[in-house]
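Below is one structure, written out as structure tokens; the observations come after it.
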Amino acid sequence: MPASNPTVGSVHQNRALDNVAIGGYNQNFKLRNIFTPVPVDKETDVIHIWTAGDILRHEARKVRPGSKTPRGGFSTSTDTFSLDEWKFAWPIPKRVRMNADMAILREMNAARRVGEKIGLAAEKTIASVLTSTAWTGASTIDAAGGWNMNTATRDPIIDVTTQKLSIQNTIGKRVNKMAFSYNTYEHLRNNPYILERIGVTPGSGRPISGASPSSPAVINLGILQVLFDVEEIVVVEAIENTANAGATASYSPVLDDWVWLGYVSPTPAIDEPSCGYTFNHREYGSDIRIRTWREDDPEQDVTEASAFFQCKATLLTAGALIQDVLTT
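As structure tokens, this is what we get:
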């Protein structure tokens, strides 16, 4: 019989690729600095609070010659902070590391992996402070899904302006920060009320003056900051798997369909309103701390990430919410 040619399968033994491995990670944790960071030396301490009503009350009076000057005072109260320490570690046995394929070794970036766990914990904690705090700068608006790009029934700019006016009329400061989810951001970019502000009528088929294929009429974050008239908008992109280990994964955004807005002092200040601060232990700083060490029994390398902080609402009248902007 004539010799047979080799087959595709006989000339190659399958092996793992060195330059490709499928994974995933959160790379855009945005909320850690939504409130101004404050370095502190102790885990717990006291914050002094001047009574805003005393400061903003009109008490000066016209006086006649020889009459007494009206007098008054300024009262204070106190609040406290208490830092929480967050930790997560990943032990990698020596034999596992030695036996791993190159693509796995390249992705065994333990510092990044454990750091992401702390980043996610911080993002969730701060999102909860934003949406669960009983802010009193304005009554919470229930948008009832009215910002949805397909079924918009409310003008987002009117809703935001309503909350901004209430806060400014309460603390004498203009809102300078907003936060909402990436889902909300994409709906706002295509919301008909927003598009009308830049001269676009959805579905009209009419050309837009000045728009072209190379310079389309689009909404981006910078335009939203101009339309809402705030210094900074934080778009929260982080997601999480809410299922337990071993169960079918269930992914959801860290920040739901809520919009937070408020006034945040740009620097730590003694006599300045601010809806919140993030207190960080000076030893750790505002970053995530990474440690590594070798254990002998079992023989393995351990990488640990930690953070020591508290994100705290410090002035409830300086913040407000708009809830359920997309859901119905």
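The sequence shown runs 0 to 327 under numbering that gives the first Met the number 0.
No residue lacks a Cβ here, since even glycine has one placed at the ideal position from N, Cα and C.
- Under the three-state reduction of DSSP output, Lys-61 falls in the coil class, being neither helix nor strand.
- As the crow flies, the alpha-carbon of Ile-125 is around 18 Å from that of Thr-183.
- With contacts defined as CB atoms closer than 8 Å, Thr-277 and Pro-36 qualify as a contacting pair.
- Between Tyr-283 and the set Leu-226, Val-225, Ser-305, the nearest pair of CA atoms involves Ser-305.
- Between Leu-260 and Lys-163 the beta-carbon gap is near 7 Å, inside 8 Å, which marks them as a contact.
- Considering only Thr-77, Ile-222, Arg-290, Thr-326, the residue with the shortest C-alpha distance to Gly-114 is Arg-290.
- According to DSSP, residue pairing for Asn-279 in a beta bridge involves Pro-38, Phe-308.
- Close CB contacts of Met-148 within its chain, under the 6 Å cut and outside five residues either way in sequence, are with His-186, Asn-189, Asn-190 (chain order).
- Annotation for Asp-323: Asp-141, Ala-142, Ala-143, Gly-144, Asp-256, Trp-257 place their beta carbon closer than 8 Å to its own, counting only its chain and skipping 5 residues before and after.
- In this structure, Asn-279 lies near Ser-285, with their beta-carbon atoms less than 8 Å apart.
- Using a 10 angstroms sphere on the CB of Lys-61, the tally of other CB atoms stays under 16, which defines it as exposed.
- Distance between Leu-254 and Phe-179, taken at the CA atoms: about 7 Å.
- Closest in alpha carbon position to Leu-320, among Lys-176, Glu-271, Gln-299, Gly-221, is Lys-176.
- Between the beta-carbon of Ser-81 and that of Ile-48 there is about 16 Å, and that puts the pair past the 8 Å contact cut.
- Assigned with DSSP and collapsed to three states, Met-101 falls in helix.
- In the structure shown, Leu-164 adopts helical secondary structure according to DSSP, grouped into three states.
- Rounded to whole angstroms, the gap between the alpha carbons of His-57 and Arg-288 is 49 Å.
- Per DSSP, the unbroken alpha helix (DSSP H) holding Pro-191 starts and ends at 191-196.
- Judged by DSSP secondary structure, Arg-293 falls within the beta strand (DSSP E) whose first and last residues are 288-295.
- The beta-bridge partner set that DSSP reports for Asn-240 consists of Tyr-250.
- Between the alpha carbons of Ile-156 and Arg-14 lies a gap of roughly 56 Å.
- Distance from the CA atom of Thr-139 to the CA atom of Asp-44, rounded to whole angstroms, is 31 Å.
- In the three-state scheme derived from DSSP, where H, G and I count as helix and E and B as strand, Ala-88 is classed as strand.
- If you draw a 10 Å sphere on the C-beta of Asp-158, you find 16 or more other C-beta atoms in it, and that means buried.
- Looking at the DSSP output, Ala-133 bridges to nothing.
- Relative to the Cα of Arg-70, the nearest Cα in the group Pro-64, Arg-63, Ala-59, Thr-79 belongs to Ala-59.
- Secondary structure of Val-217 (DSSP, three-state): coil.
- For Lys-29, the secondary structure class from DSSP, reduced to helix, strand or coil, is coil.
- With respect to Glu-239, Lys-93 sits apart: the two C-beta atoms are not nearer than 8 Å.
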